[in-house]
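Just below is one structure, and these are the notes that go with it.
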């Protein structure tokens, strides 16, 4: 049986950078579509339904943050966001609208492809755990259909938020260090970086906002623990 070819949508207004990213991903075996502005990106995502989106923040038409909001509102899809500034605010806003990971320009193509592969491995790992329903108190998680509700109220989570919640739910009340979350949920090879820990903290805030501030307890200096069902 022939291997499944993954489709990636590259959204970048700089034609040279977009072509370089697309060429490298095609060399890695991906099928790649390219868009150069916000409206074209939303249209391309809707028509091609890629497995992953590489998305620049600064775009004509409307920016990458709005693109991310719109595509995540239609269906959950992993998003690797590119930003030109090493600004924590840019990163936090990007993660807040549904991006799963981010890279600051300039970046190496080796790092970009490593992040793409890591995101897709996480999706595959999550899919292989299908068929599971987790109930912890008033929290209900349907892993197969990737649906979440608390006290009967459904919540729309991004792919990384859902996988992070499932990781916690399979170890209720166990303290999860940030480094372990980066390794086991994000599949990152590097641990303990300030950027990585900020990414974890941002997604925890998103889960609390969507499912309740009491859902996840902060263990200062260590990490987090899921309190549902206790």
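In our numbering, the protein residues as written are 5 to 234. From the three backbone atoms N, C-alpha and C, an ideal C-beta is built for every residue, glycine too. Computed from a predicted model, the values in this text were never measured in an experiment.
Length of the line joining the Cα atoms of residue i and residue j
| i | j | result |
| --- | --- | --- |
| residue 33 | residue 155 | 44 Å |
| residue 211 | residue 15 | 27 Å |
| residue 177 | residue 82 | 28 Å |
| residue 69 | residue 61 | 6 Å |
| residue 20 | residue 188 | 34 Å |
| residue 174 | residue 18 | 43 Å |
| residue 140 | residue 45 | 39 Å |
| residue 58 | residue 162 | 15 Å |
| residue 85 | residue 71 | 11 Å |
| residue 101 | residue 120 | 19 Å |
| residue 195 | residue 48 | Residue confidence for residue 195 is low, a pLDDT of 44 falling below 50, so the modelled location carries little weight; the figure read from the coordinates is stated next. In a straight line, the C-alpha of residue 195 is about 34 Å away from that of residue 48. |
Own chain partners of residue i with C-beta closer than 6 Å, once the 5 adjacent residues on each side are dropped
| i | result |
| --- | --- |
| residue 204 | 182 and 185 |
| residue 221 | 229 and 231 |
| residue 136 | 147 |
| residue 39 | 15, 45 and 48 |
Residues near residue i by beta carbon distance below 8 Å, same chain, minus five either side
| i | result |
| --- | --- |
| residue 43 | 65 and 66 |
Bridge partners - residue i, DSSP secondary structure assignment
| i | result |
| --- | --- |
| residue 145 | 138 and 152 |
| residue 105 | 84 |
| residue 57 | 13 and 83 |
| residue 157 | 154 |
| residue 227 | 181 and 223 |
Top-ranked residue by Cα proximity to residue i, from the options
| i | options | result |
| --- | --- | --- |
| residue 11 | 73, 149 and 54 | 54 |
| residue 138 | 189, 225 and 151 | 151 |
| residue 214 | 22, 143, 202 and 74 | 143 |
| residue 224 | 207, 217 and 179 | 179 |
| residue 122 | 111, 24 and 105 | 105 |
Cβ-Cβ separation, residue j to residue i (assumed contact under 8 Å), whole Å
| i | j | result |
| --- | --- | --- |
| residue 202 | residue 117 | About 23 Å; that fails the 8 Å criterion. |
7 Å CB neighbourhood of residue i in its chain, flanking five on each side removed
| i | result |
| --- | --- |
| residue 36 | 12, 14, 26, 29 and 30 |
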